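Engineer: Have a look at the structure that comes next, please.
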Amino acid sequence: MEKKDVDWGSLDFNYRETDYSYVSMYKDGKWDEGKLTKDHTVTMNECAGVLQYSQSCFEGLKAYTTEDGKIVCFRPDLNAQRMHDSCLRLEMPPFPVDRFVKAVEEVVKANAAWVPPYGSGATLYIRPYMFGYNPVIGVKPADEYMFRILVTPVGPYFKGGMKPVEVRIPDYDRAAPHGTGGIKAGLNYAMSLYPIMEAHRQGFNENMYLDPATRTKIEETGGANIIFIKDNGKTLVTPKSDSILPSITRRSICYLAENYLNMKVEQREIFLTEVEDGEFDEMGLCGTAAVISPVGRINDHGKVINIKSGMDDMGPTLKKLYDTLTGVQMGRIKAPEGWVHEIKVD
Ligand SMILES: *Cc1c(COP(=O)(O)O)cnc(C)c1O
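Position 11 of the sequence shown, counting from 1, maps to -1 under the numbering used here, and the rest follow consecutively.
Okay, here's the thing in structure tokens:
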């Protein structure tokens, strides 16, 4: 299979149209058989549920080429399950978990020429999403839904690569207490756009949100979970809260920290005062897009909180976790059973 003529190494995190998308419709109480399409445009009624009341959710995962030349994706069953959970919270009909994984395989296979080669630093980003399709004017769930998967080749999410970023504490919340912070809904992102643009205007890379109820505990950034390292690299600490999106990257890192690197993992409430008191040596953002990105500094309304590892380099323990995670993903380190999902291309 001939790869597309793309300068893989210089890709950024932007949409680029590929050959095929996947589409399935939910109508009359059931999902149709689904198919690949070359049509990258969606046409719908002006009163569609998604346009009026934002009934939509999505997922994000990557396909890439391993060291031995296989095309794989990482734990797609967990994305399928999480989208299932998002759908239930939004009164949408879940797309069956096994069909989700098959659809991901089908659309990646059809776009195999767009999967970046091993070592390029680029990946094929896979974006499954679902939305209310038929007209809805009184407030209620739609009756018809479209499930689609688009794929697009991307480079690193943070341009600086492994350079530490600076985050600020915003005056806004990402999610409400007992709200939708724990699911991957488009609405969580709509309301984060103003705060993220304000952060950028002020010269910060990201917002670090505190818990919406008390504003004393650390939650996550707009699109990535947070991990801390303490005890000379022996302990990983990550926040526990219902309003944090349960990142698959974070769950994988915690497993690898415990089982591959012999670290202790604590998932618990983390107070901002602990960070101010210098309790942690390293801090990182993690997610499919961010992988692991170091944080060097937190800005709390002008008050600077320095993380010990500083603004020059990624700390040694995050680096070790990064190498372990990407090693497992790329096939250089033996992965736990079922993590690396091969997509056979004939
Ligand atoms: C998608 C997402 C993450 C990262 O989750 P992964 O499964 O690791 O990609 C973290 N936080 C938010 C708010 C997200 O939407």
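Virtual Cβ for every residue (Gly too), placed ideally from N, Cα, C. The structure presented is a predicted model; accordingly, all values stated were derived computationally and were not measured.
Can you check which of these residues, 143, 20, 316 and 261, is closest to residue 245 by C-alpha distance?
Structural biologist: Numbered from 1 along the sequence shown, position 257 holds the residue referred to as residue 245. Per the Cα distances, 316.
Engineer: Give me the Cβ distance between residue 313 and residue 241, rounded to the nearest whole Å; I'm assuming they're in contact under 8 Å.
Structural biologist: Here the question's residue 313 lines up with position 325 in the sequence shown. Here the question's residue 241 lines up with position 253 in the sequence shown. Right, the Cβ-Cβ distance comes to about 6 Å (below 8 Å), so this counts as a contact.
Engineer: Only counting the same chain, and skipping five residues up and downstream in sequence, which positions put a Cβ closer than 7 Å to that of residue -6?
Structural biologist: What you label residue -6 is simply residue 6 of the sequence shown in a count that begins at 1. These residues qualify, in order along the chain: 141.
Engineer: Are there any heavy atoms of ligand 1 lying less than 7 Å away from the beta-carbon of residue 275, as far as the coordinates show?
Structural biologist: As a first step, residue 275 is located in the sequence shown; it is residue number 287 there, counting from the start. Yes; taking the cut-off as 7 Å, the Cβ of residue 275 has a heavy atom of ligand 1 nearer than that.
Engineer: Thinking C-alpha only, which one of 221, 270, 39 and 144 is nearest residue -3?
Structural biologist: By 1-based counting over the sequence shown, the position of residue -3 is 9. When only C-alpha atoms are compared, the closest one is 144.
Engineer: With a threshold of 7 Å (Cβ to nearest heavy atom), would residue 237 be considered close to ligand 1?
Structural biologist: The residue labelled residue 237 in the question sits at position 249 within the sequence shown. Yes, since a heavy atom of ligand 1 falls inside the 7 Å radius drawn around the Cβ of residue 237.
Engineer: Beta-carbon within less than 7 Å of residue 198's beta-carbon, same chain only, minus the 5 sequence neighbours each way: which residues are those?
Structural biologist: Within the sequence shown, residue 198 is the residue found at index 210, counting from 1. Excluding sequence neighbours, residue 198 sits near 157, 204, 205, 206, 207 and 260.
Engineer: Is the beta carbon of residue 22 closer than 8 Å to that of residue 11?
Structural biologist: Within the sequence shown, the letter at position 23 stands for residue 11. Within the sequence shown, the letter at position 34 stands for residue 22. Yes, the pair counts as a contact, with Cβ atoms nearer than the cut-off.
Engineer: Can you confirm whether the segment 42 to 50 touches the segment 64 to 81 when touching is taken to mean that 3 or more C-beta pairs between the two stretches lie within less than 8 Å?
Structural biologist: yes
Engineer: Expressed to the nearest angstrom, what Euclidean distance is found between the alpha-carbon atoms of residue 72 and residue 173?
Structural biologist: Position 84 of the sequence shown, counted from the start, is the residue given in the question as residue 72. Position 185 of the sequence shown, counted from the start, is the residue given in the question as residue 173. Going by the C-alpha atoms only, they are around 12 Å apart.
Engineer: Whole angstroms is fine: what's the gap from residue 332's alpha carbon to residue 267's?
Structural biologist: Taking the sequence shown and counting its residues from 1, the one referred to as residue 332 is at position 344. Taking the sequence shown and counting its residues from 1, the one referred to as residue 267 is at position 279. Going from the Cα of residue 332 to the Cα of residue 267 covers about 46 Å.
Engineer: Keeping to the same chain, check which residues put their C-beta closer than 7 Å to that of residue 345; ignore five residues upstream and five downstream.
Structural biologist: Only positions -11 to 334 of the chain appear in this structure, which leaves residue 345 out of reach.
Engineer: Go through the segment 76 to 158 residue by residue and report every complete run of the beta strand (DSSP E) that reaches 3 residues or more, in order.
Structural biologist: Listed in chain order, the beta strand (DSSP E) elements of length 3 or more contained wholly in the segment 76 to 158 are 111 to 120, 133 to 142 and 153 to 156.
Engineer: Would you report the Cα separation of residue 232 and residue 168, rounded to the nearest angstrom?
Structural biologist: Numbered from its first residue, the sequence shown carries residue 232 at position 244. Numbered from its first residue, the sequence shown carries residue 168 at position 180. Roughly 9 Å between the two C-alpha positions.
Engineer: Can you give the beta carbon distance from residue 303 to residue 269, rounded, assuming they're within the 8 Å contact cut?
Structural biologist: Numbered from its first residue, the sequence shown carries residue 303 at position 315. Numbered from its first residue, the sequence shown carries residue 269 at position 281. Contact holds; Cβ gap of about 6 Å.
Engineer: Please tell me whether residue 279 and residue 285 are closer than 8 Å, where the distance is taken between their beta carbons.
Structural biologist: The residue given as residue 279 occupies position 291 in the sequence shown. The residue given as residue 285 occupies position 297 in the sequence shown. No, they are not a contact pair.
Engineer: I'd like to confirm something about residue 194: is its beta-carbon nearer than 7 Å to some heavy atom of ligand 1, or not?
Structural biologist: On the sequence shown, residue 194 is found 206 positions in, with the first residue counted as 1. The answer is no for residue 194.
Engineer: Going by C-alpha to C-alpha distance, which of 110, 129, 91 and 60 sits closest to residue 319?
Structural biologist: The sequence position of residue 319 within the sequence shown is 331, counting from 1. The shortest C-alpha separation from residue 319 is found at 60.
Engineer: My understanding is that residue 336 touches residue 94, with C-beta atoms under 8 Å, so please give their C-beta distance in whole angstroms.
Structural biologist: In the structure as shown, the chain starts at -11 and stops at 334, and residue 336 therefore has no counterpart that could be examined.
Engineer: Relative to ligand 1, is the shortest distance from any of its heavy atoms to the C-beta of residue 172 smaller than 7 Å?
Structural biologist: Working through the sequence shown from its first residue, we reach residue 172 at position 184. Yes, since a heavy atom of ligand 1 falls inside the 7 Å radius drawn around the Cβ of residue 172.
Engineer: Out of curiosity, what's the CA-to-CA distance linking residue 186 and residue 213?
Structural biologist: Sequence index remark: in the sequence shown, residue 186 carries index 198 (1-based). Sequence index remark: in the sequence shown, residue 213 carries index 225 (1-based). When rounded, the distance between both Cα atoms is 20 Å.
Engineer: Could you check the C-alpha separation between residue 235 and residue 33 for me, to the nearest Å?
Structural biologist: On the sequence shown, position 247 is the one that residue 235 refers to. On the sequence shown, position 45 is the one that residue 33 refers to. So the two alpha carbons sit approximately 34 Å from each other.
Engineer: For ligand 1, I want to know if residue 213 counts as a neighbour, meaning its beta carbon is within less than 7 Å of at least one of the ligand's heavy atoms.
Structural biologist: On the sequence shown, position 225 is the one that residue 213 refers to. Flag set: Cβ of residue 213 near ligand 1.
Engineer: Using only the heavy atoms of ligand 1, determine whether one of them is closer than 7 Å to the beta carbon of residue 233.
Structural biologist: Start at 1 with the first residue of the sequence shown, and residue 233 comes out as number 245. Yes - ligand 1 has a heavy atom lying nearer than 7 Å to the Cβ of residue 233.
Engineer: Between which two residues does the beta strand (DSSP E) carrying residue 341 extend?
Structural biologist: Any property of residue 341 remains undetermined from this structure, which presents the chain solely from -11 to 334.
Engineer: Any idea what DSSP makes of residue 292, helix, strand or coil?
Structural biologist: Translated into positions along the sequence shown, residue 292 becomes position 304. If DSSP states are grouped into helix, strand and coil, residue 292 belongs with the strands.
Engineer: So within the segment 19 to 88, which uninterrupted alpha helix (DSSP H) runs reach at least 4 residues, ignoring any that extend past its ends?
Structural biologist: 37 to 41 and 64 to 77
Engineer: Secondary structure at residue 304, three-state DSSP: helix, strand or coil?
Structural biologist: Locating residue 304 in the sequence shown gives position 316, counting from the first residue. Helix, per DSSP.
Engineer: Using DSSP with H/G/I as helix, E/B as strand and the rest coil, what is residue 282?
Structural biologist: Numbered from its first residue, the sequence shown carries residue 282 at position 294. DSSP places residue 282 in strand when its eight states are reduced to three.
Engineer: Got a sec, what are the start and stop residues for the alpha helix (DSSP H) residue 385 sits in?
Structural biologist: Missing from the structure shown is residue 385; the chain here goes from -11 to 334 and no further.
Engineer: Less than 8 Å between the beta carbons of residue 8 and residue 99, yes or no?
Structural biologist: For this step, residue 8 is matched to residue 20 along the sequence shown. For this step, residue 99 is matched to residue 111 along the sequence shown. Closer than 8 Å, so yes.
Engineer: Out of 112, 84 and 88, state which residue places its alpha-carbon closest to the alpha-carbon of residue 5.
Structural biologist: One-based indexing of the sequence shown puts residue 5 at position 17. Ranking 112, 84 and 88 by Cα distance to residue 5 puts 112 first.
Engineer: Could you name the residues of the same chain whose beta carbon sits closer than 6 Å to that of residue 138, not counting the 5 residues immediately before and after it, in chain order?
Structural biologist: Locating residue 138 in the sequence shown gives position 150, where the first residue counts as 1. These residues qualify, in order along the chain: 9 and 115.
Engineer: How long is the line joining the alpha carbons of residue 324 and residue 120, rounded to whole angstroms?
Structural biologist: Counting from one through the sequence shown, the residue named residue 324 turns up at place 336. Counting from one through the sequence shown, the residue named residue 120 turns up at place 132. Roughly 37 Å between the two C-alpha positions.
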